[in-house]
Each structure stands twice: as C-alpha cells, then as structure tokens.
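Heads up, the working numbering is the position in the sequence shown plus 984, with the first residue counted as 1.
Before any comments, here is the structure.
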Amino acid sequence: MRIGLPVPDNDIMKTELKKITATTNELAKLFGVVPKYVSELVTLRGMPKVKHNTFNLIECVKWRFADLENIHKKECEKLKADDPTKDVARKNAELKEFQLQEIRKNLLPADKVKSDMIIFLTTIKTGVNGLGAKVGPRLKNENDVKKIIRTIDAEVNNILNRISLGV
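Structure (structure tokens):
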C-alpha cells in the first residue's frame, strides 16, 4: 500500500508541459530582454511561435538556449580566427624592427665613440689648461686689447683645430 500523493504519468506530464504558453512580455521578462527583441527573435532569427503574442514556453526556451549557444560558438570562432588588426600590429612591429636594424647599421660602435670622446675631452682639457702658459709670456707686457684678444682667439682656434683633426 502506497501512502502520499499519486505520481503522475510521465507521458501526461510531457503533454501538459507542451501546452504551457507565454506572451511576448512574459518571454521578454524570462529572457531578460525587451518585448521588441522577442519579436525580432521571431522575425529575424526564427524563434517558433504558436500565433500572434502566443509562444510555446518549452519550445521557445529550448530554441533560446540553442540560439545563445550558437552565438557563443560564433564569437569563439571569431576570436580564434586571425584578427586583421593583430596582423596589422604584427606588420607594424616588423617594420619598426627593420627600421631599427637600418639605424643600427649607421651607428658607430660604443668603444669607438668612447675612445673619440676621450680624445676630444683630453684635447680640450690639455688645450685649456695650457692656454695660460702659452699666451701668458707673449701677453705679459701687452697693453693692446685687440692684440690680446687676437692672441687668445688664435690659441683657442688652434685647440679647436686639433679637436676637429682628432689630434
């Protein structure tokens, strides 16, 4: 003897579930969209309907799940496909690398720049430090300002010439 509520027949349950209908507004609320979008799902994407403003709830829910899965699948495929913007970015990076290689060809090695700078600075230091000793004796008793300026200018030009010659 069985106590409790009677267990319904599965076939009867399935038949009864298939009879449940919903309106456009009810489906919109269930799907989390506006009613106009439900109408677009019918006209543009083929969601089934019984008649105007009447939908079989079970069929529409199954259809919506399949539709969302299809949308998700397409988005995943789009992400997997080569994105043209990524290709452009890759080409731009390759171009920049090529340009850098061309620039590197024209650069002097760091050791050469270092040795040239040492020669340059040593020449300046030696020339400037020796300037007083070179022009001092010649200008010791000189009172002519123009001659003093010419003598110092000549010695500074001599220093600059040695720098330009790399001596």
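Heads up, the beta-carbon is just placed ideally off N, CA and C, and yes, glycines get one too.
Taking each of Lys1109, Ile1133 and Ile1108 in turn and checking the Cα distance to glycine 1120, the smallest one comes out for Ile1133.
If you draw a straight line from the Cα of glutamate 1139 to the Cα of valine 1129, it is about 16 Å long. Judged by pairs of C-beta atoms under 8 Å, the region 1070–1079 does not touch the region 1030–1050, as fewer than three such pairs exist. Secondary structure at lysine 1003: coil, using DSSP grouped into helix, strand and coil. In this structure, glycine 1111 and isoleucine 1087 do not form a Cβ contact; the two beta carbons are roughly 34 Å apart against a cut-off of 8 Å. Within the DSSP bridge table, the entry for threonine 1069 names no partner. For aspartate 1100, the closest C-alpha among the options Ile1147, Lys1124, Asp1071 and Thr1135 is that of Ile1147. A distance below 8 Å between beta-carbons, with the five flanking residues on each side excluded, links arginine 1048 to the following residues of its chain, in chain order: Phe1015, Leu1025 and Met1031. The beta carbons of alanine 1012 and cysteine 1044 sit no closer together than 9 Å.
In the structure shown, the three-state DSSP call for asparagine 1040 is strand.
Rounded to the nearest angstrom, the gap between the Cα atoms of glutamate 1081 and leucine 1092 is 19 Å. At the C-beta level, proline 1019 and threonine 1008 come within 9 Å of one another.
Note on lysine 1058: under 16 other CB atoms within 10 angstroms of its CB, so exposed under the neighbour-count rule. Put simply, of Val1017, Asn1113, Val1022 and Leu1041 the residue whose alpha carbon is nearest the alpha carbon of lysine 1003 is Leu1041.
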